[in-house]
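Undergrad: My structure is below; once you've seen it, I'll send some questions.
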Amino acid sequence: MTRETEAGPGTGLAPGGAEAGGGEAPAGDGPAPSRPAAPQGDLRGEGPLPPELLPDPSATPAPLPQPAVAKPVATKRLNLALQGGGTHGAFTWGVLDRLLEDERLVFDAVSGTSAGALNAAIFVQGLAEDGREGARRALDRLWRDVAARLAISPLRNTPLEKALWGYDLTYSVAYQTFDTLSRVFSPYQLNPFPVEFNPLRQVIADNLDMARLRQDQKALRLFISATNVRTGKPRIFTRAEVTPDVVLASACLPNVFKAVEIEGEAYWDGGYLGNPAIWPLYYERGAPDILLVQINVLNRQELPTTPSDIMNRLNEISFNAALMAEMRAIDFVQRLLDSGRLEQPRYRRIFLHCVEDEARMRQFKLSTKLNGDWEFLQTLRRYGWEAADRFLALHFDTLGRESTLDIQRYL
1 MTRETEAGPG TGLAPGGAEA GGGEAPAGDG PAPSRPAAPQ GDLRGEGPLP
51 PELLPDPSAT PAPLPQPAVA KPVATKRLNL ALQGGGTHGA FTWGVLDRLL
101 EDERLVFDAV SGTSAGALNA AIFVQGLAED GREGARRALD RLWRDVAARL
151 AISPLRNTPL EKALWGYDLT YSVAYQTFDT LSRVFSPYQL NPFPVEFNPL
201 RQVIADNLDM ARLRQDQKAL RLFISATNVR TGKPRIFTRA EVTPDVVLAS
251 ACLPNVFKAV EIEGEAYWDG GYLGNPAIWP LYYERGAPDI LLVQINVLNR
301 QELPTTPSDI MNRLNEISFN AALMAEMRAI DFVQRLLDSG RLEQPRYRRI
351 FLHCVEDEAR MRQFKLSTKL NGDWEFLQTL RRYGWEAADR FLALHFDTLG
401 RESTLDIQRY L
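Start counting the sequence shown at 1; every next residue gets the next number (full-length UniProt numbering).
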């Protein structure tokens, strides 16, 4: 890691000298007056310099000043862990956009689940193909495509419903109908045919080149989590294993979509057992810093009493449960390292960080995770960008030295 320095300003050359002016002899009688020689060292026409100020002809000339050369800016290496949460993943879009703006950051690996898996795959592909700006453009295209696909979804508020409830779909007729059907009928009963309509499949096809992503040697390490339905265990897919079905499996809500079959195994949303999976990032010998982007609310003070609020809180608890268990395990290992009871070569210290904005995200509910309104996605993106900006302002210098995440929140 290089040291952070500031380049000094460039230096111009000092002025050398000026010619003494002269003119033609005026016409007239008699010889023209002689033209005086310019005095040595006279720069302003105010007479000769005193002898003690004249340069010594035997002295070695001083070297000319050289323009300052910009020195490398210190960089910090990061692993990224991206939570899932439906269209709330647009918050993560904003976070990634801000991180990509900061050229002091270098990325080692990305782990993602559900919407986090889609963000992660697009991020890795865009960065490998066209650098930081390429990744930013790719993420922008992705979420514009999501908004366009969901613009024809029946799960949208009418203008009147939007005026009454804003982005919340809970009380809209369309959402109430969808919610009732999903509780009474399974996806297999609602659609007995082998072909299933999933708007995410076309989004993936339009935005991800899976073959290129798998083979690109410049691409970052990528980990995508899905839940094996039969074994109840998590499956982590690496970049070399990523296919459209892997991303679909990671985002497969079982009350909405049929299980995704991969190599003869059925998979559901990865958020049940790893949202996101952090352990692949510290099992690999990469950067010690892991930045979690959290979009599911941890703490709510009010007790949920309505059916919709109860379901919303159940969803938040369920999709944070695996993360909280993993945080407890990490804390345990780090404390053992502190006490000297674990071998350092086998176990290593990691530094955990988190970008979140619970104060703002608390206003949203389970139904808004299905809201693809472009204005809503732009709002979430702005929240994420601002949260990441605050994180960098407060904690950039701490990266690589210590954790900034308060792990007690998860214990």
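A virtual CB, placed ideally from N, CA and C, is assigned to each residue, including glycine.
Report the residue from Leu213, Asn255 and Gln217 whose alpha carbon sits nearest the alpha carbon of Pro244.
TA: Residue 244 sits at position 244 when you count from the first residue of the sequence shown. Measuring from the Cα of Pro244, the nearest candidate turns out to be Leu213.
Undergrad: Using only alpha-carbon positions, find the residue among Asn275, Ala393 and Pro254 that is nearest to Ala236.
TA: As a first step, residue 236 must be located in the sequence shown, where it is residue number 236. Before going on, a small fix: residue 236 reads as Ile here, not Ala. The option with the nearest alpha carbon to Ile236 is Asn275.
Undergrad: Can you tell me whether Asn207 is buried or exposed, with buried defined as 16 or more other CB within 10 angstroms of its CB?
TA: For the purposes of this step, residue 207 is taken as the residue at position 207 of the sequence shown. Asn207 comes out buried.
Undergrad: Could you tell me whether the segment 360-369 touches the segment 163-170, where touching means 3 or more Cβ pairs closer than 8 Å?
TA: Taking 8 Å as the limit for Cβ pairs, the verdict is that the segment 163-170 does touch the segment 360-369.
Undergrad: Taking the alpha-carbon positions, what's the Pro39 to Asp397 distance?
TA: As a working mapping, residue 39 is identified with position 39 in the sequence shown. As a working mapping, residue 397 is identified with position 397 in the sequence shown. Caution applies to Pro39, whose pLDDT of 43 falls short of 50 and renders its modelled position unreliable; the value that the coordinates give is listed next. Approximately 59 Å, taken between the alpha carbons.
Undergrad: According to DSSP, Glu265 sits in a beta bridge with which residue or residues?
TA: Here residue 265 is taken as the residue at index 265 of the sequence shown, counted from 1. DSSP, once it has assigned bridges, lists Ile262 as partnering Glu265.
Undergrad: Comparing alpha-carbon positions, which option in Leu370, Ala277, Glu386 and Arg104 lies nearest Leu200?
TA: Within the sequence shown, numbered from 1, the residue matching residue 200 stands at position 200. When only C-alpha atoms are compared, the closest one is Leu370.
Undergrad: Span of the beta strand (DSSP E) holding Asp108?
TA: Residue 108 sits at position 108 when you count from the first residue of the sequence shown. That run of the beta strand (DSSP E) goes Leu105 to Thr113.
Undergrad: Report buried or exposed for Glu326, applying the criterion of at least 16 other Cβ atoms within 10 angstroms of its Cβ.
TA: Taking the first residue of the sequence shown as position 1, residue 326 is located at position 326. Result: buried.
Undergrad: Can you give the Cα-Cα distance for Gly41 and Gly131, rounded to whole angstroms?
TA: In the sequence shown, counting from the first residue as 1, residue 41 sits at position 41. In the sequence shown, counting from the first residue as 1, residue 131 sits at position 131. In this predicted model, Gly41 has a pLDDT of only 45, less than 50, meaning its place in the structure is not dependable; the value taken from the coordinates is given anyway. Each residue's alpha carbon lies about 56 Å from the other.
Undergrad: Pull up the distance between the alpha-carbon of Lys76 and that of Leu352, whole angstroms please.
TA: Position 76 of the sequence shown, counted from the start, is the residue given in the question as residue 76. Position 352 of the sequence shown, counted from the start, is the residue given in the question as residue 352. Distance between the alpha carbons of Lys76 and Leu352 is about 14 Å.
Undergrad: Do Ser182 and Asn255 count as a contact pair if the criterion is CB distance below 8 Å?
TA: Residue mapping note: residue 255 aligns to position 255 of the sequence shown, counting from 1. Residue mapping note: residue 182 aligns to position 182 of the sequence shown, counting from 1. Going by C-beta atoms, Asn255 is nearer than 8 Å to Ser182.
Undergrad: With H, G and I counted as helix, E and B as strand and the rest as coil, what does DSSP make of Ser339?
TA: As a working mapping, residue 339 is identified with position 339 in the sequence shown. Of the three classes helix, strand and coil, the one that applies to Ser339 here is helix, per DSSP.
Undergrad: Taking the beta carbon of Gln344 as the centre, do at least 16 other beta carbons fall within 10 Å, making it buried, or is it exposed?
TA: Sequence index remark: in the sequence shown, residue 344 carries index 344 (1-based). Exposed is the call here.
Undergrad: On the DSSP letters alone, give me the boundaries of the beta strand (DSSP E) that Leu80 sits inside.
TA: The residue given as residue 80 occupies position 80 in the sequence shown. Lys76 to Leu82 is the extent of the beta strand (DSSP E) around Leu80.
Undergrad: By a C-beta neighbour count over all protein chains shown, 10 Å radius and 16 as the cutoff for buried, is Glu316 buried or exposed?
TA: Taking the sequence shown and counting its residues from 1, the one referred to as residue 316 is at position 316. By the neighbour-count rule (16 or more Cβ atoms within 10 Å), Glu316 is buried.
Undergrad: What residue does the alpha helix (DSSP H) around Thr180 start on, and which one ends it?
TA: Mapped onto the sequence shown, residue 180 falls at position 180. Element bounds for Thr180: Val173 to Val184.
Undergrad: Taking all protein chains shown into account, decide if Glu356 is buried (16 or more other Cβ within 10 angstroms of its Cβ) or exposed.
TA: For the purposes of this step, residue 356 is identified with residue 356 of the sequence shown, where counting begins at 1. Its Cβ being crowded by 16 or more others within 10 Å, Glu356 is buried.
Undergrad: Would you report the Cα separation of Ser403 and Asp289, rounded to the nearest angstrom?
TA: Taking the first residue of the sequence shown as 1, we reach residue 403 at position 403. Taking the first residue of the sequence shown as 1, we reach residue 289 at position 289. Near 8 Å, if we compare the C-alpha coordinates of Asp289 and Ser403.
Undergrad: Counting only the same chain and skipping the five closest in sequence on each side, list residues whose C-beta sits under 7 Å from that of Val247.
TA: Here residue 247 corresponds to residue number 247 of the sequence shown, with the count starting at 1. Cβ within range, chain order: Ala117, Leu118, Ala121, Ile204 and Ile224.
Undergrad: Specify the secondary structure class of Thr243 as computed by DSSP and reduced to three states.
TA: Position 243 of the sequence shown holds residue 243. Three-state DSSP puts Thr243 in coil, outside helix and strand.
Undergrad: What distance in whole Å lies between the Cβ atoms of Asn198 and Phe257, which are believed to be in contact at a cut-off of 8 Å?
TA: Counted from its first residue, the sequence shown places residue 257 at position 257. Counted from its first residue, the sequence shown places residue 198 at position 198. Correct: roughly 6 Å between the Cβ atoms.
Undergrad: State yes or no: is the C-beta of Ala287 within less than 8 Å of the C-beta of Asn79?
TA: As a working note, residue 287 is residue 287 in the sequence shown. As a working note, residue 79 is residue 79 in the sequence shown. Closer than 8 Å, so yes.
Undergrad: Based on the DSSP secondary-structure assignment, which residues constitute the bridge partners of Asn228?
TA: Here the question's residue 228 lines up with position 228 in the sequence shown. Partner(s): Tyr267.
Undergrad: How about Ser111 and Ala277: are their beta carbons less than 8 Å apart?
TA: Taking the sequence shown and counting its residues from 1, the one referred to as residue 111 is at position 111. Taking the sequence shown and counting its residues from 1, the one referred to as residue 277 is at position 277. Contact: yes.
Undergrad: Please say whether Tyr410 and Arg328 have beta carbons closer to each other than 8 Å?
TA: Residue 328 sits at position 328 when you count from the first residue of the sequence shown. Residue 410 sits at position 410 when you count from the first residue of the sequence shown. Yes, Cβ-Cβ distance for Arg328 and Tyr410 is below 8 Å.
Undergrad: Spatial neighbours of Gly12 within its chain, please: C-beta separation below 6 Å, excluding the five flanking residues on both sides.
TA: Along the sequence shown, one-based indexing puts residue 12 at 12. For Gly12, the pLDDT reaches just 40, beneath the cut-off of 50, and the residue's location in the model is therefore unreliable, although a value from the coordinates is still provided. Nothing meets the Cβ criterion.
Undergrad: Run through DSSP, which three-state label would Thr305 get?
TA: Residue mapping note: residue 305 aligns to position 305 of the sequence shown, counting from 1. Coil at Thr305, not helix or strand.
Undergrad: Can you tell me whether Ile310 is helix, strand or coil according to DSSP?
TA: Counted from its first residue, the sequence shown places residue 310 at position 310. Helix at Ile310.
Undergrad: Give every residue of the same chain whose Cβ lies closer than 6 Å to the Cβ of Leu377, excluding the five residues on either side of it in the sequence, and list them in chain order.
TA: In the sequence shown, residue 377 corresponds to position 377, counting from 1. Ala90, Trp143 and Ala147.
Undergrad: Within the same chain, show all residues whose beta-carbon is closer than 6 Å to that of Leu292, passing over the 5 residues directly before and after it, in chain order.
TA: Working through the sequence shown from its first residue, we reach residue 292 at position 292. The answer, listed in chain order, is Ala81 and Cys354.
Undergrad: Enumerate in chain order the residues of its own chain whose CB-to-CB distance from Leu150 is below 6 Å, with the five nearest sequence positions on each side excluded.
TA: Here residue 150 is taken as the residue at index 150 of the sequence shown, counted from 1. Same-chain partners within the cutoff: Gly372.
Undergrad: Can you check DSSP and say which residues form a bridge with Asp289?
TA: The residue given as residue 289 occupies position 289 in the sequence shown. Phe351.
Undergrad: Specify, as a first and last residue, the run of the alpha helix (DSSP H) that Thr238 falls within.
TA: Start at 1 with the first residue of the sequence shown, and residue 238 comes out as number 238. Careful: Thr238 lies outside any alpha helix (DSSP H), inside the beta strand (DSSP E) at Pro234 to Thr238.
Undergrad: Let me know if Gly21 comes out buried or exposed under the rule of 16 or more other beta-carbons within 10 Å of its beta-carbon.
TA: Numbered from 1 along the sequence shown, position 21 holds the residue referred to as residue 21. Annotation note: pLDDT 41 at Gly21 (below 50); position unreliable, coordinate value reported separately. Gly21 should be labelled exposed.
Undergrad: Please work out which residues of its chain come closer than 7 Å, Cβ to Cβ, to Tyr347, disregarding the five sequence neighbours upstream and downstream, and give them in chain order.
TA: As a first step, residue 347 must be located in the sequence shown, where it is residue number 347. Val333 and Leu337.
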